[in-house]
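Numbering of the sequence shown is given in UniProt numbering, commencing with residue 1 and proceeding in unit increments. Presented below is the structure to which this report refers.
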Amino acid sequence: MRADARRNRERITTAALRLFAERGPEVSMEEIARAAGLGVGTLYRHFPDRRALAKEIAAVTLEDLLDAARAAIARDAPRWDVLRAMVAQAAGRPMSLLKSLLEAGDTETPRLRELQDAYNASLTEVVRAAQDEGTLRRDLSPDQVMGLFNLALCRPGARADDAVVTVVLDGLRSRGDAAAGTGQVRVAGR
């Protein structure tokens with residue numbers, strides 16, 4: 001791929017990541033092209049249709065989240081802190097786009113399903129470990145915790161420091177660990 005074509009593709013994916021995260025899966029190709037500072041024709045030369053672009057963005061998102069999860073899990077840190085780091089990584093990402101693609105049951109995306117399964121397994125592992133260490137409530141199953149994270153994170157505009165994410169984390173925090181303080185996720189630079 002030529003250098004200018006590579007730069008254009010990067011501009012498209014950067015704009016799409018931002019717009020899908022901010023506004024959800026209904027963002028149009030025209031809006032993405034405009035945000036990337038390119039013509040719609042250039043966008044369609046890289047991605048033949050909206051679904052192809054959405055799948056690319058979803059795969060990139062899941063790959064990044066899985067890499068970050070693996071790095072967080074490998075740290076020697078309390079599992080509550082690892083869980084908060086994973087939530088912070090997911091916040092601000094186009095999770096609503098990812099959810100819409102996977103809920104559509106698109107059989108052409110086995111890679112997305114594999115990535116989602118691997119990420120969910122990592123998150124479930126951390127949830128169980130946080131419950132075992134006593135920092136996460138034990139009266140909820142890992143599936144219930146995952147459902148709460150879906151509600152908090154799989155919506156347009158979700159941020160690590162917004163009220164919904166903060167309330168969910170505060171509600172999940174074990175009350176036996178009162179000295180640990182709030183569940184609010186701190187984001188660098190905020």
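The C-beta atom is built at its ideal place from N, Cα and C for all residues, glycine as well.
Between R113 and L123, the CB-CB gap reaches or exceeds 9 Å.
Residue burial annotation: V40 is exposed, with fewer than 16 other C-beta atoms found within 10 angstroms of its C-beta.
DSSP places P142 inside the alpha helix (DSSP H), whose first and last residues are 142 to 153.
Taken through DSSP and simplified to helix, strand or coil, R137 comes out as coil. Across the set R175, L151, R34, the C-alpha of L151 shows the shortest separation from the C-alpha of A90. In the pairwise beta carbon analysis, the stretch 124 to 142 is classified as touching the stretch 70 to 87: at least three pairs are separated by under 8 Å. About 4 Å separates the beta carbons of A21 and P94, which is inside the 8 Å limit, making them a contact pair. With distances taken between CA atoms, A54 lies nearest to G24 out of L66, R75, G24. In this chain, the alpha helix (DSSP H) harbouring T14 covers 3 to 23. Where T109 is concerned, there is no enclosing alpha helix (DSSP H), because DSSP gives it neither an H nor an E.
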